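So the sequence lines, in the order shown, correspond to chains A and B.
With the numbering used here as the guide, the letters of the first sequence map in order to residues 1444 to 1840.
With the numbering used here as the guide, the letters of the second sequence map in order to residues 1444 to 1840.
In what follows, a single structure is set out as C-alpha cells and then discussed.
Protein chains: 2
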Amino acid sequence: MNWTLARRAERMNPSVIREILKVTEKPGIISFAGGLPSPKTFPIDAFAKACADVLANDGHAALQYAASEGYGPLREFVAQELNRQSTAAGVPWPVDPAQVLITTGSQQALDLIAKVLIDTDSTVLVERPTYLGALQAFTPMEPQFVSVGSDAEGVDVDELKQHPSARFFYVLPNFQNPTGASMSEVRRSALSAEAARLGLPIVEDNPYGDLWFDTPPPAPLTARNRDGYIYMGSFSKTLAPGLRLGYLVAPKALYPKLLQAKQAADLHTPSFNQRMVAKVLEGGFLDGHVPVIRALYKSQCEAMLAALDKDFSGLGVSWNKPAGGMFLWLRLPGAMRAVDLLPKAVDKGVAFVPGSAFYAEEPQHNTLRLSFVTASVEQIAQGVSALAAAIREMKAG
Amino acid sequence: MNWTLARRAERMNPSVIREILKVTEKPGIISFAGGLPSPKTFPIDAFAKACADVLANDGHAALQYAASEGYGPLREFVAQELNRQSTAAGVPWPVDPAQVLITTGSQQALDLIAKVLIDTDSTVLVERPTYLGALQAFTPMEPQFVSVGSDAEGVDVDELKQHPSARFFYVLPNFQNPTGASMSEVRRSALSAEAARLGLPIVEDNPYGDLWFDTPPPAPLTARNRDGYIYMGSFSKTLAPGLRLGYLVAPKALYPKLLQAKQAADLHTPSFNQRMVAKVLEGGFLDGHVPVIRALYKSQCEAMLAALDKDFSGLGVSWNKPAGGMFLWLRLPGAMRAVDLLPKAVDKGVAFVPGSAFYAEEPQHNTLRLSFVTASVEQIAQGVSALAAAIREMKAG
Chain A
1444 MNWTLARRAE
1454 RMNPSVIREI
1464 LKVTEKPGII
1474 SFAGGLPSPK
1484 TFPIDAFAKA
1494 CADVLANDGH
1504 AALQYAASEG
1514 YGPLREFVAQ
1524 ELNRQSTAAG
1534 VPWPVDPAQV
1544 LITTGSQQAL
1554 DLIAKVLIDT
1564 DSTVLVERPT
1574 YLGALQAFTP
1584 MEPQFVSVGS
1594 DAEGVDVDEL
1604 KQHPSARFFY
1614 VLPNFQNPTG
1624 ASMSEVRRSA
1634 LSAEAARLGL
1644 PIVEDNPYGD
1654 LWFDTPPPAP
1664 LTARNRDGYI
1674 YMGSFSKTLA
1684 PGLRLGYLVA
1694 PKALYPKLLQ
1704 AKQAADLHTP
1714 SFNQRMVAKV
1724 LEGGFLDGHV
1734 PVIRALYKSQ
1744 CEAMLAALDK
1754 DFSGLGVSWN
1764 KPAGGMFLWL
1774 RLPGAMRAVD
1784 LLPKAVDKGV
1794 AFVPGSAFYA
1804 EEPQHNTLRL
1814 SFVTASVEQI
1824 AQGVSALAAA
1834 IREMKAG
Chain B
1444 MNWTLARRAE
1454 RMNPSVIREI
1464 LKVTEKPGII
1474 SFAGGLPSPK
1484 TFPIDAFAKA
1494 CADVLANDGH
1504 AALQYAASEG
1514 YGPLREFVAQ
1524 ELNRQSTAAG
1534 VPWPVDPAQV
1544 LITTGSQQAL
1554 DLIAKVLIDT
1564 DSTVLVERPT
1574 YLGALQAFTP
1584 MEPQFVSVGS
1594 DAEGVDVDEL
1604 KQHPSARFFY
1614 VLPNFQNPTG
1624 ASMSEVRRSA
1634 LSAEAARLGL
1644 PIVEDNPYGD
1654 LWFDTPPPAP
1664 LTARNRDGYI
1674 YMGSFSKTLA
1684 PGLRLGYLVA
1694 PKALYPKLLQ
1704 AKQAADLHTP
1714 SFNQRMVAKV
1724 LEGGFLDGHV
1734 PVIRALYKSQ
1744 CEAMLAALDK
1754 DFSGLGVSWN
1764 KPAGGMFLWL
1774 RLPGAMRAVD
1784 LLPKAVDKGV
1794 AFVPGSAFYA
1804 EEPQHNTLRL
1814 SFVTASVEQI
1824 AQGVSALAAA
1834 IREMKAG
C-alpha cells in the first residue's frame, strides 16, 4: 500500500524518557529517571469507596457519553480551588467554572493548545530547559521553538522583547520539570507586566504547585492577567496519574475553539473517572491527603540532597535545592556528557534522564534530571552513591 | 492579549449533534438524535466487581503512569477476538498484539490517524454520508475531502479510480453511522481488490460490527489486506462509552508513528480503565453480554420499523431496514429539508439529527438519521407518530 506520512509525522520521535524507562525496568535498577509519583501516596481505599458509590448511585450517567466540557461538579471544584489558593497567595482569581475544560491528563491540554494556536513556523517560546512532553505535543503542529533563559529568580524577562509576535510563552513557574526551580514573586510580577506590555499570551503549566515543602508558591501568573493566559493543572500528582485527569482554564475568547478541538480529539474525558474523582474530592479530601505527599517528597528530597552532599564532594558537580515538586537538576563538570554517563550509571544500578532531552534547541549536554519521588530513602542513598562512582569512573577516563 | 488562532482552528466548528443534544435534554423530548447506547445494557455489577478487584490486587499499577501502547492483556484480548471473529467469518486474521494500540475512545484513533497521514490539502476519501466525528477529527489537519457514493451493496468501487493519490479511504462497512447500511461480501471483495490494485490505504472503522441482529457481518476488510489497512474498534457499544476505550490495529510500518502521536496526545489511555475492562472481559464475558444488547436493539429497531410502516404511509418518505447497529436513515420527499423539519418535530416532542451534518460536501438536505437504541419501545411508537405529524404539517405548508 502507498502509505504517505504527513510531513509533521517526520518530526515526531520516540520519547527519550520512555526509552530510558524501559532500561530502568530491569530488576535491581534504582530509578531516578521517570517522573512517577510514589504509589504509596495513591489513596486506593478512597478510590474503591468512590467507585462503588458512583456505580451504585450514578452508574448510568457515569458510563454514558458525556459533555466535552467535563463533569460539572469537577469543573466547579477546580474553579473554587484555584480561587481559594490564589486568594490565599494574595491575588484573588474568581475562576468561572464555565472557563474550565477537563482534559485527559494535562498532556491533552498541551495537544489542544497546539492545535488551536500553532501554525507551521509560528514562534513558540519555551523555557531553556522545558518539559519534554510539551515539546512533543507542540512539535506535530510544526512551530519554531525559541527558548528563553533563566537565572535563580526565574525566566529572563528581557529576552521576551525579541519575540513580540510569538504565539505564546509556555512556562512552568512552580518546581519546574526538569529543573525543580521556581519563579520568585518579583519575577512573576515582572513577567506578567512585560507580557501584558507586549501582548504576549502565556500558557502556564502547574502540575507540581501543590507539592511545596514548607511554603506555598506565589499566586499563579494567570491570576494576574485573566484574559491573557491559559492555565493548566492536573490531578496526576495529588491523586494518581493512571486516571488521566487534567484541566485547563481558558479565557472566554478562546474556550470555544479549545472545546471544539477537545471534542474532535476524544469526545470527552472518561465520565466514570471524572465522577469518581469528584466523589473522592468531596469534603475536603485533598486538605488531608496532599500534606502527606508533601511530607513524603520533602523527606525524599532531603535524603537526596544529603546523599549528594556526602558522596559528590570534590566531583565538580553542582545542583539546586528544590522547594517542592519531584525533580532536582545536576550539572556535571563542563565537558562531561550525561548521555555518556548513563550507560555507566546503569551498569552500577542507577538510572536518570540526561538533561539534553529537555532542550528545544542547543542542549546543555552536561545536565541531568534526578527524580526523588519514586525511589525510597534507602534506595536514594544507594543510588546516589552508585551515581558518584559512575562519575568518578568517567573522570578517571 | 494578542491571541492568534492557528489557521486550522478556523475550520473547527461546534458539533451539530452536540448542539441538538442540548435541545433534546429538555424534559419530555423523545430523542432519536444521539447515538447513546441504552444504559440498560451497561454491566454495572460486573464493573463494580472489577473495580474492587483491580484496586485491591493491582492498585499501584492501575493508578500509575503506563505504557502508551496500552495494557498488555487488553491488547491480547483485542488481537484474539479479531482473529476469532474473522476466522468464523471465513478470513483468518492472525493479529499480533504488538499491532494493537489502545486509544481513548475510537475518536482518538481518528485524531492520531489524521495527524500521521494528513497534510494540508491531502485528498481523503470518505463515504457519502459518513461519520460526523471522523470529519471533525480529520478537518483540523486540513484535508480535501472527496466523498464516495454507494448503492444497496456498499460503496461505489469505480469512483476510487479517480483518486489514486488519496491518502486513505475512511469506511464503516458494518451498520454505518449515519445510515445503518452494511457492505455485502461481494462488494467487500471488490473494494479490497481495487484498493490493492490502486495501492489505496483503507481506514476501516468498526464500532457497530458486534451489534448484528440475526447474522454476523462478513469478515473485516483489513483481514483481507493486513499491511494495507488500519482497523478501528471500540468497547463503547459492547460495554459502555463513558470509559472511553477504543483501539486501532495498524500495520507494523505505521505503528511507531501512531504510537508517537498517541504519546504526545495524552501519554496513555487511563490504566485503571484498561485494567478494569480487561478484568470484566475475563472468562468470555462478552459472549453472554453482547447477545443481550443485540436482542434489545433488534426489538427496538423492529418497533421503529413497525411504527414507520404504520404512521408514515402515504408521506413519501423512504427508509432502510438495518441488519444491526443503532441507526436508520430516512429520505423525506425531495424538497423537504430536515433542518426545517427539526424545530417542528421538537415542538411535537421528538428529536433527530438532520442528515446534512454527515456530508463532507454537497449535503442531501432531505435526509435524516434516527437512532433506535436510546428510546424505549413505547417511546419509539410515540416519537414516530409525532414525527409523522410534523411531516404532515410541513407538507401542508
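Backbone N, C-alpha and C fix where the C-beta goes; we use that ideal spot for every residue, glycine too.
Please read these numbers as outputs of a predicted model, since none were measured by experiment.
For Gln1825(B), the uninterrupted alpha helix (DSSP H) segment begins and ends at Val1820 to Ala1839. Counting only Cβ-Cβ distances below 7 Å, Val1559(B) has contacts in chain A at Leu1448, Ala1449 and Ala1452, in chain order.
Burial is judged here by how many other beta carbons sit within 10 angstroms of a residue's own beta carbon; Asp1709(B) has at least 16 and is buried. The beta carbon of Arg1461(B) falls within 8 Å of a beta carbon belonging to chain A, placing the residue at that interface. Interface with chain A (8 Å Cβ-Cβ cutoff): His1732(B) is excluded. Using a Cβ-Cβ cut-off of 8 Å, Phe1490(A) counts as an interface residue toward chain B, since at least one Cβ of chain B sits closer than that to its own. Residues Trp1536 and Pro1694 of the same chain have their beta carbon placed closer than 8 Å to that of Arg1669(B), with the five preceding and five following residues left out of the count. Contact annotation: in the segment 1518-1552 of chain A, residues whose CB is within less than 7 Å of a CB in chain B are Thr1547, Gly1548, Gln1550 and Gln1551. Cβ atoms of Pro1621(A) and Arg1631(A) stay farther apart than 8 Å, at about 20 Å.
By the neighbour-count criterion, in which 16 or more other beta carbons inside 10 Å mark a residue as buried, Ser1608(B) falls on the exposed side. For His1503(B), the neighbours in chain A by C-beta distance under 7 Å run, in chain order, Pro1482 and Phe1485.
Within chain A, no C-beta atom comes less than 9 Å from the C-beta of Asn1620(B); the nearest is roughly 13 Å away. In summary, the residues of the segment 1660-1689 of chain A whose CB is separated from some CB of chain B by less than 7 Å are Asp1670, Gly1671, Ala1683, Pro1684, Gly1685, Leu1686 and Arg1687, in the order they occur in the chain. In the displayed model, Thr1447(A) falls within coil according to three-state DSSP, outside both helix and strand. The beta-carbon of Met1455(A) is placed less than 8 Å from the nearest beta-carbon of chain B.
Within 7 Å of the CB of Lys1700(A), the CB atoms of chain B belong to Leu1448, Ala1452 and Met1455, in sequence order along the chain. Taking a C-beta cut-off of 8 Å against chain B, the contacting residues of the segment 1703-1715 of chain A are Gln1703, Ala1704, Gln1706, Ala1707, Ala1708, Asp1709, Leu1710, His1711, Thr1712, Pro1713, Ser1714 and Phe1715, listed in chain order. Residue contact with chain B for Asp1562(A): present (Cβ-Cβ distance below 8 Å to some residue of chain B).
With a threshold of 8 Å between beta carbons, Ala1803(A) makes no contact with chain B.
In its chain, beyond the 5 residues on either side, Pro1540 have a beta carbon closer than 6 Å to the beta carbon of Glu1519(B).
Contact between Phe1801(B) and Thr1573(B) holds: their C-beta atoms lie close to 6 Å from each other, under 8 Å. Contact between the segment 1473-1489 of chain A and the segment 1807-1814 of chain A is present, with at least three C-beta pairs closer than 8 Å. Using a Cβ-Cβ distance cut-off of 8 Å, the segment 1718-1730 of chain B and the segment 1485-1494 of chain B are in contact, since at least three pairs of beta carbons, one from each stretch, lie closer than that value. In the displayed model, Arg1812(B) falls within a strand according to three-state DSSP. Between Asp1562(A) and Arg1450(B), the gap from beta carbon to beta carbon is short of 8 Å. Glu1602(B) carries a helical assignment under DSSP once its states are collapsed to helix, strand and coil.
Cβ proximity to chain B below 8 Å picks out Thr1582, Pro1583 and Met1584 from the segment 1582-1595 of chain A. With contacts defined as CB atoms closer than 8 Å, Ser1590(B) and Ala1803(B) qualify as a contacting pair. What Gly1642(B) touches in chain A, judged by beta-carbon distance under 8 Å, is Met1444 and Asn1445, going in chain order. Gly1685(A) is a Cβ neighbour of Ser1714(B), given a cutoff of 8 Å.
In the DSSP assignment, Val1720(A) falls within the unbroken alpha helix (DSSP H) covering Ser1714 to Leu1724. Assignment of Tyr1508(A) by DSSP, reduced to helix, strand and coil, places it in the coil class. Among the residues facing chain A, Ala1831(B) is not included, as its CB has no counterpart in that chain under 8 Å away. Taken atom to atom, the span from the alpha-carbon of Gly1576(A) to that of Glu1647(A) is near 14 Å. The beta carbon of Ser1627(B) sits closer than 7 Å to those of Glu1596 and Gly1597, all from its chain and outside the five residues before and after it, given in chain order.
Against chain A, a Cβ distance below 9 Å from Gln1507(B) picks out Leu1479, Pro1480, Pro1482, Phe1485, Ala1683, Pro1684 and Gly1685.
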